[in-house]
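All the letters of the sequence shown, read from the start, carry residue numbers -18 to -1, 1 to 234 under mature numbering (1 follows the signal peptide of the UniProt record, and there is no 0). Note that CB positions come from ideal geometry on N, CA and C, so glycine has one too. Since the model is a prediction, treat every value here as computed from it, not as a measurement. Reading through the C-alpha cells given below for one structure.
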Amino acid sequence: MKWFAVFLLVSAISNAKCSKLPEGRIIGGENGDISDFPYQLSLRIAGRHNCGASVISKRWVLTAAHCLEKILAIDITLRAGSTFSNTGGKIIPADKLFMHPDYNSRWSDYDVGLIRTKTDLTGDNIEIVRLPNFNDPINTGDIATVSGWGYTSNNTQIVSEHLKFVNIPIVDQGVCNSALKNYGGVRGMMFCAGEPGKDACQGDSGGPIVSKGVQIGVVSGGIECGNPKYYGVYTRLANANVRAWIRNVAKI
C-alpha cells in the first residue's frame, strides 16, 4: 500500500474514485535516538535513504514489499545503529530479497517484504524487535509508535536526516474502511492508525510500528500524511498469511 508514488500527486488522487492508496514521513513527531529504536534501519538504494526497515534476526530484515519492487539486492544496503540516515552506524549489504507471493501492487494487499543480509546485524544500538504471534489482536485505541526518516510535512520532498518518532492510536477497522472506501478500503491483512496531524509519510514506508514492545505492523501507505479525514495504513503482521510467510521464509 503505497503513498501514491512516494506521496507525489496527492491532490490529484484525492479527487479520484477507486484509486489505489498512496506510499509511506513522520508528521507531528519529534526527534528520536537510535538507542530507543535499535531495531530501526534505513533501507538505502544506490546509497540514498529510500524506506524504513526493521531488524528481526541477525540476518533478516522486515520491510514493505513496495520498497523492493523492481530492485536488485546488489543495489540495497541497510544503515543500522545510527540516529542519522546518512552518517554513523554500520552499513550492511543485502544478499537476497523476498516479497510476499500474494502482494498486489495495485491495492497493496500483503505489502510485506524480507531481506536476507550478507553479514550479521550486530553491534552498538542494533537489536532485534519482537514479532507478534499468529492472529494476535490489535485493539482500537491502543497507542503505537512509528519511527523513521521520512518527510516531515506534506509540503516537502526532503527526508529527515534525524530519526523521528510519533505515538498514535490504533483506529477502528470499520471507521478506517469507510474513510478509505474510495481508495480500495482496508482488508484483514491491514490495519489503520493515526490522528489529525500525526502520521507516517513517504520515506517511512517499510518501517516499524511498535506497541508494547512488539512490532505489530509495517508502514504501508495512506492519503495525504496527517490529513484528519484519513488514516495511515499498515500491514498487519499477526495476519495468519503474513505471519506464516515470515516464518516459512525467515524461520522466525
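| With 16 other Cβ atoms within 10 Å as the buried cut-off, status of Ile16 | buried
| Counting only runs that start and end within the segment 143 to 207, where is the alpha helix (DSSP H) found for 4 or more residues in a row? | 155 to 161
| field | Separation of Val94 from Ala28, as counted between CA atoms | value | 21 Å
| Alpha-carbon to alpha-carbon, Ser160 and Ile97 | 34 Å
| said: Let me confirm a value: Lys233 is counted as buried when at least 16 other C-beta atoms fall within 10 Å, else exposed. Which label applies? | reply: exposed
| message | Within the continuous alpha helix (DSSP H) that includes Asn223, where are the two ends? | response | Ala222 to Ala232
| message | Does Ser17 come out as helix, strand or coil in the three-state DSSP assignment? | response | helix
| Which of the three DSSP states, helix, strand or coil, is assigned to Ala28? | coil
| query | Can the beta-carbon of Gly14 be found closer than 9 Å to that of Thr45? | reply | no
| query | In terms of alpha-carbon separation, which member of Ile110, Lys211 and Tyr92 lies closest to Asn164? | reply | Lys211
| query | By DSSP, does Asp93 sit in helix, in strand, or in coil? | reply | coil
| field | Tyr126 (DSSP reduced to helix, strand or coil) | value | Note that residue 126 is Ala in the sequence shown here, rather than Tyr. Ala126 falls in the strand class under three-state DSSP.
| Rounded C-alpha distance that separates Ala226 from Ile198 | 14 Å
| query | If you draw a straight line from the alpha carbon of Ile58 to that of Val224, how long is it in whole angstroms? | reply | 23 Å
| message | So, with DSSP's three-state summary, where would you put Ala35? | response | strand
| task | State the beta-bridge partners of Thr217 as determined by DSSP. | result | Met172 and Val200
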